[in-house]
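Protein chains in written order, with my numbering: chain B, 757 to 957; chain G, 284 to 644.
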């Protein structure tokens, strides 16, 4: 049977392509199409925006998905995590202007981020009040332009931070990439899914 | 679009509007199911639409956030009916006496749960189900499981029911603290096996751990389950074996009845609710985003409401299934009678109606 899978546009796609290719499941999206079949006809693949991926899997439109724990945390849907990949790992960090420090003495930390739920939970769990501004991209601008003093964002190499004269003050969490599945989809197709997981391990 | 019209298009989260053909289909499904339940000797129960929140709070555990709450004129906190099972349990706990047992009841009614604005496919609006109260043992479990199969047949759908045993896991983890057991159940339910391994290490006898890991992962037929048991070194204790045998005997009987194709053993079915004590199951239907039916044995639920008696039942989220119902439930064609005076049109229409057709004047 063919399994359905959502893949995120962007940085993870090449990693997934390489891995699947090694396992005899080549695929590519021709002519800007967003749906593809792999060469062994195991998967029907949908290419979706990273942050929309959990929505597709939650609704069962795609049974499986590959997604970072950062995105999973922001959506509080229930998925099974079938495996963790060794590629695509990054860190969630708090950063600000170079030379400054994380000032915990004040009232509140003001933070700009895409990851509002993670940031709020992270600091509230530690009893630290935060004020959060939700941004959808180019988060590094916030301290530069004076919108907020800090940002919480994914940091891979740190080059974007550096270029904007920012630096990491603290690493908050390791972010890993998971193979997720809609629980109901798993229960209905567990045999095919287990075989697929064995194949890509 | 005017502001008023715009407002009219909005409906509060957790509610839905069904009308015309779709409502017809819904009512057909409900009446088929109600007839079936009646033919098995189950009697209807109507529960209130809202009740005091505090008596249910403990049982709702992580579902609290889905419950709509309001304050009555005396200042008491109320909750709208989000799960008929709970309201029914209270009603039965209060009303029943020993002499009434066993009691067979069914319900069908609307429920209200909060849903995320984005979550359009949950369809958790209507619950129908049965409770067999005051009867324990395999026959009672089987009565409910076979009635479930008959319900699927009446609806003409073929889901897969995954059965676990809260009882078996509880026995295997006996003497563990309650919060530890709760974490284990959560990890198992999410099929988070790395977390499960971490939890078990150091907290459970190391001889048992490989068996537990294998058991919790297992999904399959009773033959596959027997095979799994045979091919692993751990020897279950007498009481553990008893729970395993109970589950297998249910599967054997279902097989004798030719119903085994509906069922799989799946230990990661631990129940959404903390009150399950015996078998636990959920049913999955191709094309739906989450389980359409859940149920099991909850021998301590009624005790919570002052009446200690065993109970087993299931509950179907009917609106989730309705999209998948066949033509049997759709509105038949009608005859429109035109160009006649009212009296002859009426007479002709009556003739059609007597033969079971639909005639519109």
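A virtual CB, placed ideally from N, CA and C, is assigned to each residue, including glycine.
This structure is a prediction, so every number in the text was calculated from the model and none was measured.
{"Item": "What residues from chain B crowd round residue 470 (chain G), counting only those whose CB sits closer than 7 Å?", "Value": "Within chain B, no residue comes near residue 470 (chain G); the closest Cβ sits about 11 Å away, beyond 7 Å."}
{"Item": "Quick one: which unbroken alpha helix (DSSP H) runs of 4-plus residues sit fully inside the segment 895-951 of chain B? Chain order, please.", "Value": "897-901, 915-919"}
{"Item": "Go ahead and label residue 592 (chain G) buried or exposed: buried means 16 or more other beta carbons lie within 10 angstroms of its beta carbon, across all protein chains shown.", "Value": "buried"}
{"Item": "Please check the pair residue 949 (chain B) and residue 942 (chain B), which I expect to be a contact at CB under 8 Å, by giving their CB distance rounded to whole angstroms.", "Value": "6 Å"}
{"Item": "Per DSSP, what kind of secondary structure is residue 642 (chain G) in: helix, strand or coil?", "Value": "strand"}
{"Item": "I'd like to confirm the pairing. Which residues does DSSP put opposite residue 226 (chain G) in its beta bridges?", "Value": "Given that chain G is displayed from residue 284 to residue 644, the structure contains no residue 226 (chain G) and the question cannot be resolved."}
{"Item": "If you draw a straight line from the alpha carbon of residue 774 (chain B) to that of residue 841 (chain B), how long is it in whole angstroms?", "Value": "13 Å"}
{"Item": "May I ask which residues mark the beginning and end of the beta strand (DSSP E) holding residue 328 (chain G)?", "Value": "Looking at the DSSP string, residue 328 (chain G) is not in any beta strand (DSSP E), and its letter there is neither H nor E."}
{"Item": "Got a sec: is the Cβ-Cβ distance from residue 816 (chain B) to anything in chain G below 8 Å?", "Value": "yes"}
{"Item": "When you compare the CB of residue 564 (chain G) with every CB in chain B, is at least one pair closer than 8 Å?", "Value": "no"}
{"Item": "The alpha helix (DSSP H) spanning residue 812 (chain B) covers which residue range?", "Value": "809-814"}
{"Item": "Determine, using beta carbons only, whether residue 571 (chain G) comes closer than 8 Å to chain B.", "Value": "yes"}
{"Item": "What residue from G:357, G:546, G:408 has the CA that sits closest to residue 366 (chain G)'s CA?", "Value": "G:408"}
{"Item": "Is the separation between the beta-carbon of residue 423 (chain G) and that of residue 576 (chain G) shorter than 8 Å?", "Value": "no"}
{"Item": "Quick one, are the C-beta atoms of residue 612 (chain G) and residue 293 (chain G) less than 8 Å apart?", "Value": "no"}
{"Item": "What does the alpha-carbon distance come out to for the pair residue 419 (chain G) and residue 616 (chain G)?", "Value": "47 Å"}
{"Item": "Is any beta-carbon of chain G found at less than 8 Å from that of residue 836 (chain B)?", "Value": "yes"}
{"Item": "Applying a beta-carbon distance threshold of less than 8 Å, which residues of chain B neighbour residue 443 (chain G)?", "Value": "943, 944"}
{"Item": "Tell me whether the beta-carbon of residue 910 (chain B) lies closer than 8 Å to the beta-carbon of residue 850 (chain B).", "Value": "no"}
{"Item": "Any chance you could list the beta strand (DSSP E) runs of at least 3 consecutive residues sitting entirely within the segment 834-867 of chain B, in chain order?", "Value": "836-840, 846-853"}
{"Item": "What are the residues in the segment 488-517 of chain G lying within 9 Å of chain B by C-beta distance?", "Value": "502, 503"}
{"Item": "Three or more beta-carbon pairs under 8 Å between the segment 496-507 of chain G and the segment 528-548 of chain G, yes or no?", "Value": "yes"}
{"Item": "Within its chain, find whatever has a CB closer than 7 Å to the CB of residue 526 (chain G); leave out the 5 residues flanking it on each side and keep chain order.", "Value": "448, 450, 451, 454"}
{"Item": "What does a CB cutoff of less than 8 Å around residue 523 (chain G) pick up in its chain, not counting 5 residues either side in sequence?", "Value": "451, 454, 455"}
{"Item": "Just to make sure I have the definition right: I need the residues of chain G whose C-beta is within less than 9 Å of the C-beta of residue 938 (chain B). Which are they?", "Value": "572, 573"}
{"Item": "Any idea what DSSP makes of residue 770 (chain B), helix, strand or coil?", "Value": "helix"}
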